[in-house]
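*Asks:* Please read through the structure below; I'll follow up with questions.
In our numbering, the protein residues as written are 14 to 157.
This is the structure:
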């Protein structure tokens, strides 16, 4: 028998507390494979739960989109818009008030309505009247 084969036989036959070391390594490898399969299944279950949650969110969003489209269709009904405009005092533009291309440069801009200034809170009475800040200056008038 060659020395390499004799060495392999001696290693194969080497025992630890009555169990060959090859069997111990085999059991450890099987345990590692079982653990890795467990980890893979747990990860797959997590991904499956995540996919189910995303599918549920997609379904919910699809329902919201359908509801919003129905709401838009209801709000854009011509009869509803016409009744709202009549209630606000609006109506169709008179034919004589429409401008042609030639009259566009001659049109004057309608001055904007003045914006009311927000109320200024009254200053708190201080012990020293010199420490009270002066009132802010009025806003400048818009350029026309």
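Where is the CB? At the ideal position from N, CA and C, for every residue including glycine.
Drop a sphere of 10 angstroms on the beta-carbon of residue 157, count the other beta-carbons inside from all chains shown, and report buried for 16 or more, exposed for fewer.
*Replies:* Because the pLDDT of residue 157 is 48, which lies under 50, any placement of that residue in the model is unreliable, and the number read from its coordinates should be weighed accordingly. Its Cβ having fewer than 16 others within 10 Å, residue 157 is exposed.
*Asks:* Let me know the secondary structure DSSP gives residue 85 once reduced to three states.
*Replies:* Three-state DSSP puts residue 85 in a helix.
*Asks:* According to DSSP, is residue 59 part of a helix, a strand, or is it coil?
*Replies:* In the structure shown, residue 59 sits in a helix (DSSP, three-state: H, G or I).
*Asks:* Would DSSP call residue 32 helix, strand or coil?
*Replies:* If DSSP states are grouped into helix, strand and coil, residue 32 belongs with the strands.
*Asks:* Between which two residues does the alpha helix (DSSP H) harbouring residue 100 extend?
*Replies:* Residues 91-100.
*Asks:* What is the residue span of the alpha helix (DSSP H) that residue 17 lies within?
*Replies:* 16-26 is the extent of the alpha helix (DSSP H) around residue 17.
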